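Notes to accompany the following structure.
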Amino acid sequence: MSTTIELGPESSSVAKGKAPLIGAVPVAKGKVGWKKGIAIVDFLLRLGAIGSALAATATMGTSDEILPFFTQFFQFEASYDDLPTFQFFVIAMAIVSGYLVLSLPFSIVGIVRPNVVGPRLLLLILDTVALALANSSAAAAAAIVYLAHNGNSNTNWLAICQQFGDFCQQASGAVVGSFIAVVIFMVLIVLSAFALRRH
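So the sequence shown is residues 1 to 199, counted in the numbering used here.
Here it is in structure tokens:
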């Protein structure tokens, strides 16, 4: 029995002797805190990308202008659905906006559980696909907007923005909003790569 009583203090002293090993816990907490910070920034950037993508979609989708003439039977109209490129832009940016909304729960999982790799890897892959879609639609629309502003004398394409000023302003604003979403996607991909980096 005396040996049993002596083992109690020894075990407590051994536990006290192992107390310095607890100093490794703040390092792990620091890593978790760093990844959690990245996840919070990721969530906020996704909210910003949703705003810019939705604004670009709505702006292009409502771009329409009718030039006033003498009679209502003789009118010139410019609308986004007159150009297949702008139609592709609206559809692509609507898909990107929907994806961004659906990605928010996965981003929240990254905040709650920063060390989970699965959702972060899934977001990295899908963000890359969404970036390609957003970038292609934005670049195609930018080319048409450039032609609308400047025309092309070699192919006898006339600039229409002098007549359809409001239409061109809306289309240009939509293209700018889409490129903002593209830049945010690039940052999101870089953040996901840092979060997945092994320490």
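Even for Gly, the Cβ is constructed at its ideal location relative to N, Cα and C.
Predicted model, so just to flag it, every value in this text is computed and none were measured.
Whole angstroms is fine: what's the gap from ALA142's alpha carbon to ALA55's? Reading the sequence shown from its first residue, position 142 is the one you call residue 142. Reading the sequence shown from its first residue, position 55 is the one you call residue 55. Approximately 16 Å between the Cα atoms of the pair.
In this structure, how does DSSP classify VAL182 when only helix, strand and coil are distinguished? Residue 182 sits at position 182 when you count from the first residue of the sequence shown. VAL182: helix per DSSP, three-state reduction.
Strand pairing of ASN152, partner residues [DSSP]: Here residue 152 corresponds to residue number 152 of the sequence shown, with the count starting at 1. Bridge partners of ASN152: TRP157.
Thinking C-beta only, is PHE43 closer than 8 Å to ILE111? The residue you call residue 111 lines up with position 111 of the sequence shown. The residue you call residue 43 lines up with position 43 of the sequence shown. Between ILE111 and PHE43, the gap from beta carbon to beta carbon is short of 8 Å.
Assuming ALA171 contacts VAL145 (C-beta within less than 8 Å), just tell me the rounded distance between them. One-based indexing of the sequence shown puts residue 171 at position 171. One-based indexing of the sequence shown puts residue 145 at position 145. 5 Å between Cβ atoms; contact.
Length of the line joining the Cα atoms of PRO105 and LEU158: On the sequence shown, position 105 is the one that residue 105 refers to. On the sequence shown, position 158 is the one that residue 158 refers to. Distance between the alpha carbons of PRO105 and LEU158: 47 Å.
Consult DSSP for SER63 and reduce its assignment to one of helix, strand or coil. Translated into the one-based positions of the sequence shown, residue 63 becomes position 63. Reduced to three states, the DSSP call for SER63 is coil.
Does the distance from the CB of LEU188 to the CB of VAL117 come in under 8 Å? As a position in the sequence shown, residue 188 is number 188, starting the count at 1. As a position in the sequence shown, residue 117 is number 117, starting the count at 1. No, the Cβ-Cβ distance between LEU188 and VAL117 is not below 8 Å.
Quick one: is ASP127 buried, meaning 16 or more other Cβ sit within 10 Å of its Cβ, or exposed? Position 127 of the sequence shown, counted from the first residue, corresponds to residue 127. Buried, because 16 or more other Cβ atoms sit within 10 Å of the Cβ of ASP127.
Locate the alpha helix (DSSP H) running through ALA86, then write down its first and last residues. Here residue 86 is taken as the residue at index 86 of the sequence shown, counted from 1. Sequence inspection shows Phe at residue 86; the Ala mentioned does not correspond to that position. Counting along the chain, the alpha helix (DSSP H) containing PHE86 begins and ends at 84-112.
Residues that SER79 bridges to, as DSSP identifies them: To locate residue 79, count along the sequence shown from 1; it is residue 79. For SER79, which the question treats as bridged, DSSP gives the partners ASP64.
LEU83 versus SER107, ILE184, SER137, residue with shortest Cα-Cα distance: Taking the sequence shown and counting its residues from 1, one reaches residue 83 at position 83. It is SER137 whose Cα lies nearest to the Cα of LEU83.
Where does ILE125 land, buried or exposed, given buried means 16+ other C-beta within 10 angstroms? Translated into the one-based positions of the sequence shown, residue 125 becomes position 125. Burial state of ILE125 is exposed, judged by a 10 Å Cβ sphere holding fewer than 16 other Cβ atoms.
Could you name the residues of the same chain whose beta carbon sits closer than 7 Å to that of GLY203, not counting the 5 residues immediately before and after it, in chain order? In this structure the chain extends from 1 to 199, so residue 203 is not present and cannot be described.
DSSP-derived helix/strand/coil call for PHE43: Along the sequence shown, one-based indexing puts residue 43 at 43. PHE43 falls in the helix class under three-state DSSP.
Just the Cα atoms here: how many angstroms apart are ALA49 and ALA140? Translated into the one-based positions of the sequence shown, residue 49 becomes position 49. Translated into the one-based positions of the sequence shown, residue 140 becomes position 140. Each residue's alpha carbon lies about 19 Å from the other.
Would you decide whether SER153 is buried or exposed? Buried here means 16 or more other CB atoms lie within 10 Å of its CB. For the purposes of this step, residue 153 is taken as the residue at position 153 of the sequence shown. With fewer than 16 Cβ atoms within 10 Å of its Cβ, SER153 is classed as exposed.
Kindly list the residues whose CB is nearer than 7 Å to the CB of GLN169, restricted to its own chain and excluding five residues on each side of it in sequence; keep chain order. Locating residue 169 in the sequence shown gives position 169, counting from the first residue. Taken in chain order, the list of residues that qualify is empty.
ASN115 versus ASN135 - alpha carbon distance: By one-based count along the sequence shown, residue 115 stands at place 115. By one-based count along the sequence shown, residue 135 stands at place 135. Rounded to the nearest angstrom, the two C-alpha atoms are 30 Å apart.
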